[in-house]
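*Asks:*
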């Protein structure tokens, strides 16, 4: 994936909002998603400024030549798995055409205008049928930072040799703005088990990719080929019940993470992110290098991505007063020590077959500074409350709290692109009688 | 699910092999599966003795009245998810009709005979599209038995309060007789990481259920309702790479289990197993009882299942000489301490949505005796070889080894029913150049 004419920062759109300095969706981005308006069936669209290009309408309007109609239809479907499985060259041709249609001066402006839907009027859905959701743990500070009650800061022995992961639950992944009920669950101690709504509701700031083309069962993916299997990227909030997690984790997290996972609904394509590639972060001097099948010079030179992330909290009171959110986490992808290409190659090394639409996440992206920690378990450890601007404070998330993740890829000389909101409001636990 | 006329042990079939004392598929069983013959598309069938009733052919022959045609078509499909999602009353009506068609003296014998396919001529496929595969760890001896290098025999503190589980990998689940390549993977120690084919290939004897009807996201399943969500059962071999597992497990097993999981392809319905229900196994005197939402008198009286299991090994040399297999594991479901109903209720307690076709497994069913241990990690610990009848021995599985799981539900006064074979042969690792 190389930088090409579609990344030209001088390009402007006739959709005025796409030219705003702070939009996540300038004409250089063009992420894919699935949307609907009330009473309509979900269908594929492309974000441009504060508008959505309705791909089904655009196809019906004859805006794509015969050679692009197949892939344009895939981008118009109610799940984008077909689009994700497409050949990168075809995806690139679609991007070029979409950009031409939306560029200032496009002769098709009137026809395309009739295919625009205001994003404010639309509900977003999951962009794909997600067969599997794999969650990695690539941030050393997330595991080992010398904070609060973990002054020793030890990493697992395998940390620098392979990206650590577990299988998480795919069925409960939802798109931004889906309700997030406080889960019921079991916690416990030597005194015994306790059952009820979690008392330690947390978020985790993560960044994830969607698998494009999969691999056959029993056939590993070489690191050099791994990038060809990634369709695009989104933000991911891995909501966590920390008391449940502490009690249940013998074979890893299970119910502590299974109740809900929220992703940003727009999938920013691998091609859109090409300008933001950067070298892999340096390893500590005393850390081993990755084994030969997880490193090579080409990969190491641009396996990184220059993306910053924030987690923002607005309590119910702050929302009622119309106040700006408090930033709980301010971090970046470089706080992880493994690339998505390495995650993909490791995932398939034993022959496990990745499938189109699989979601593969970085895990919590925490830096060394407390302000860059990606979850409350690190920020407060459940004992040191974080103060909010209005004097309120939090150890864990409370009912009514709105947690939003945001991300932005930035590099001098290029137009910044973003991911939209990954947002959820914690609602009270459901009533349950055994 | 109660015992009814379909469980009558005096029933015989006009399919002679179904009346053999040692068949897994007498007329009281009637499990569902998906099969094909060379050049044919996979489709649903019902096992009877050494034959398969081709459900598509049976529907085409007009063997089902209008009120059964919908569910009979679901049983004829290339994946049985539609059948699994069906109402238990409809499933029961289909069972009654299938049994009538196959019972000695049935007037439809000639027509049904034309719908039979010899099982020996058929290849079996996965019975369902499996959205998720959850693996529990319900056997206390599997974790804590005082064997070899674990004389202390400690259970995790939560063991008696909840069924411990992890999310495993669904995409690499295959039906019996699918090839199982030795996986590549990473192991390691303080001296560093080592990459190559696993040197500690193991099996795990497990028993699993298929979820029938799911639950809505955010809506827990009460224990009292859990049985209604289980369609049927199969054997499951959770192939494991122990060296990989030891090195990678921080958030639980990942690549050590992701390369392949084999299930027996016939799904024995919950109704067929009704006669074999039994009380939950007694807990040790010093173990806490389950919390209130995971126990009630009705459940505890028949949450168990009287099923015995075996794991059989035949090396390439034994197969070449036509020798009988060596039994490595001889165990039973009662060696697990949690029922499938408890596993289902716990799985959904936080609001996680189970979906039709999800596979939920017991984990390795090991008893206290070494002969009842369900995997080589317990039998040999990688250091105490198990001797085979021909003088050969094994620490771990070697290339060419055939491992077969078998299971049989037995109770005095009822016809025993079985599950067919869950079989795989270990083949050499694929050639891989980084």
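Protein chains in written order, with our numbering: chain A, 1 to 434; chain B, 1001 to 1434. Note that CB positions come from ideal geometry on N, CA and C, so glycine has one too.
1. What does the Cβ neighbour count give for residue 1146(B), buried or exposed, with the cut at 16 atoms within 10 Å?
2. Give me the Cβ distance between residue 29(A) and residue 417(A), rounded to the nearest whole Å; I'm assuming they're in contact under 8 Å.
3. Between residue 1409(B) and residue 1276(B), how many whole angstroms is the CB-CB distance? I'm expecting something under 8 Å.
4. Since residue 262(A) and residue 424(A) should fall inside the 8 Å C-beta cutoff, what is the C-beta to C-beta distance between them, to a whole number of angstroms?
5. Since residue 1201(B) meets chain A, which of its residues come closer than 7 Å, beta carbon to beta carbon?
6. Is it the case that the segment 369-380 of chain A contacts the segment 328-340 of chain A, given that we only count it when at least three CB pairs across the two stretches are under 8 Å?
7. Which residues share a DSSP beta bridge with residue 1166(B)?
8. Name, going along the chain, the residues of the segment 1165-1179 of chain B whose beta-carbon falls closer than 7 Å to a beta-carbon of chain A.
9. What is the residue span of the beta strand (DSSP E) that residue 1052(B) lies within?
10. Give me the Cα-Cα distance between residue 1000(B) and residue 111(A), rounded to the nearest whole angstrom.
11. Show which residues of chain B have a CB atom less than 8 Å away from the CB atom of residue 190(A).
12. Against chain B, does residue 81(A) count as a neighbour if the rule is that its beta carbon must be under 9 Å from one of theirs?
13. In chain order, what residues of the same chain lie with their CB nearer than 7 Å to the CB of residue 1255(B), ignoring the 5 residues before and after it?
14. DSSP has residue 1438(B) in a bridge; who is on the other side?
15. Here's a check: name, in chain order, each residue in its chain whose Cβ is nearer than 8 Å to the Cβ of residue 81(A), leaving out the five neighbours to either side.
16. Anything in chain B within Cβ reach of residue 444(A), meaning under 7 Å, just list it in chain order.
17. Please report the Cβ distance between residue 99(A) and residue 3(A), rounded to the nearest whole angstrom; I am assuming they are in contact, meaning their Cβ atoms lie under 8 Å.
18. Is it buried or exposed for residue 344(A), if we count other Cβ within 10 angstroms and need 16 for buried?
19. So, is residue 1339(B) buried or exposed, given that buried needs 16 or more other C-beta atoms within 10 angstroms?
20. Determine, using beta carbons only, whether residue 25(A) comes closer than 9 Å to chain B.
21. Would residue 202(A) be called buried (16 or more neighbouring beta carbons within 10 Å of its own) or exposed?
22. Considering only C-alpha positions, which residue in the set 399(A), 159(A), 405(A) and 114(A) is nearest to residue 238(A)?
23. For residue 400(A), would you say it is in contact with chain B, using Cβ-to-Cβ distances shorter than 9 Å as the test?
24. Any C-beta of chain A within less than 9 Å: which residues of the segment 1231-1249 of chain B qualify?
25. According to DSSP, what are the bridge partners of residue 1003(B)?
26. Can you tell me whether DSSP reads residue 252(A) as helix, strand or coil?
27. Is the beta carbon of residue 53(A) sitting closer than 9 Å to the one on residue 126(A)?
28. Using CA atoms only, rank isn't needed, just tell me which of 197(A), 181(A) and 157(A) is closest to residue 1191(B).
29. Give the residues of chain B in contact with residue 318(A), contact being defined as C-beta atoms less than 9 Å apart.
30. For residue 1384(B), count the other beta carbons within 10 Å of its own beta carbon; 16 or more makes it buried, fewer makes it exposed. Which is it?
31. Let me know if residue 428(A) comes out buried or exposed under the rule of 16 or more other beta-carbons within 10 Å of its beta-carbon.
32. With a threshold of 9 Å between beta carbons, is residue 217(A) in contact with chain B?
33. Between the segment 1288-1302 of chain B and chain A, which residues of the former have a C-beta closer than 7 Å to a C-beta of the latter?
34. Going along chain B in order, which residues have a C-beta closer than 8 Å to the C-beta of residue 16(A)?
35. Go ahead and pull the three-state DSSP assignment for residue 1292(B).
36. Just tell me which of 1155(B), 1402(B), 1215(B) and 1242(B) has its CA closest to the CA of residue 1325(B).
*Replies:* Reading from the atomic positions:
1. Numbered from its first residue, the second chain carries residue 1146(B) at position 146. Any answer about residue 1146(B) is weak, because its pLDDT of 47 lies below 50 and its placement is not dependable; what the coordinates show is given next. Exposed.
2. The count along the first chain starts at 1 and reaches residue 29(A) at position 29. The count along the first chain starts at 1 and reaches residue 417(A) at position 417. The pair is a contact, with the Cβ atoms about 4 Å apart (cut-off 8 Å).
3. The residue given as residue 1409(B) occupies position 409 in the second chain. The residue given as residue 1276(B) occupies position 276 in the second chain. So it is a contact: roughly 4 Å between Cβ atoms.
4. Here residue 262(A) refers to the residue found at position 262 when the first chain is read from its first residue. Here residue 424(A) refers to the residue found at position 424 when the first chain is read from its first residue. Confirmed, about 5 Å.
5. Start at 1 with the first residue of the second chain, and residue 1201(B) comes out as number 201. The contacting residues do not exist; residue 1201(B) stays about 11 Å from chain A at best.
6. Between the segment 328-340 of chain A and the segment 369-380 of chain A there are three or more C-beta pairs closer than 8 Å, enough to call the two in contact.
7. Locating residue 1166(B) in the second chain gives position 166, where the first residue counts as 1. Bridge partners of residue 1166(B): 1135(B).
8. 1165, 1166, 1167, 1168, 1169, 1170, 1171 and 1172
9. For this step, residue 1052(B) is matched to residue 52 along the second chain. Counting along the chain, the beta strand (DSSP E) containing residue 1052(B) begins and ends at 1051-1054.
10. There is no way to answer for residue 1000(B), as the model of chain B reaches only from 1001 to 1434.
11. As a position in the first chain, residue 190(A) is number 190, starting the count at 1. Residues of chain B passing the Cβ test: 1157.
12. The residue given as residue 81(A) occupies position 81 in the first chain. So, not an interface residue.
13. Taking the second chain and counting its residues from 1, one reaches residue 1255(B) at position 255. 1185, 1244 and 1248, listed in sequence order.
14. There is no way to answer for residue 1438(B), as the model of chain B reaches only from 1001 to 1434.
15. On the first chain, position 81 is the one that residue 81(A) refers to. Cβ neighbours of residue 81(A) beyond the five flanking positions: 128, 129, 356 and 357.
16. Since the displayed chain A opens at 1 and closes at 434, residue 444(A) lies outside it and no answer follows.
17. In the first chain, the residue the question calls residue 99(A) occupies position 99. In the first chain, the residue the question calls residue 3(A) occupies position 3. At roughly 14 Å, the Cβ-Cβ gap does not stay under 8 Å, so residue 99(A) and residue 3(A) are not in contact.
18. What you label residue 344(A) is simply residue 344 of the first chain in a count that begins at 1. Per the 10 Å Cβ criterion, buried.
19. Counted from its first residue, the second chain places residue 1339(B) at position 339. Label assigned to residue 1339(B): buried.
20. If you number the first chain from 1, residue 25(A) lands on position 25. So no, residue 25(A) is outside the interface.
21. As a working note, residue 202(A) is residue 202 in the first chain. Buried is the call here.
22. Residue numbering aside, residue 238(A) sits at position 238 when the first chain is read from its first letter. It is 405(A) whose Cα lies nearest to the Cα of residue 238(A).
23. Mapped onto the first chain, residue 400(A) falls at position 400. Judged by the 9 Å Cβ criterion, residue 400(A) is not in contact with chain B.
24. 1241, 1244, 1247, 1248 and 1249
25. Position 3 of the second chain, counting from 1, holds the residue named residue 1003(B). DSSP links residue 1003(B) through a beta bridge to no other residue.
26. Residue 252(A) sits at position 252 when you count from the first residue of the first chain. Residue 252(A): coil per DSSP, three-state reduction.
27. By 1-based counting over the first chain, the position of residue 53(A) is 53. By 1-based counting over the first chain, the position of residue 126(A) is 126. The answer is no: Cβ separation not under 9 Å.
28. Walking along the second chain from the start, residue 1191(B) turns up at place 191. It is 157(A).
29. Your numbering for residue 318(A) matches position 318 in the first chain. Ordered by position in chain B, no residue passes the 9 Å Cβ test against residue 318(A), which lies about 25 Å from the chain.
30. Residue numbering aside, residue 1384(B) sits at position 384 when the second chain is read from its first letter. Answer is exposed; the Cβ neighbour count stays below 16.
31. By one-based count along the first chain, residue 428(A) stands at place 428. Exposed.
32. Looking up residue 217(A) in the first chain gives position 217. So yes, residue 217(A) belongs to the interface.
33. So the close ones are 1288, 1291, 1292 and 1293.
34. What you label residue 16(A) is simply residue 16 of the first chain in a count that begins at 1. Per Cβ cutoff of 8 Å: no residues; residue 16(A) is ~38 Å from chain B at best.
35. Here the question's residue 1292(B) lines up with position 292 in the second chain. Helix, per DSSP.
36. Walking along the second chain from the start, residue 1325(B) turns up at place 325. Residue 1402(B) is the option with its Cα nearest to residue 1325(B).
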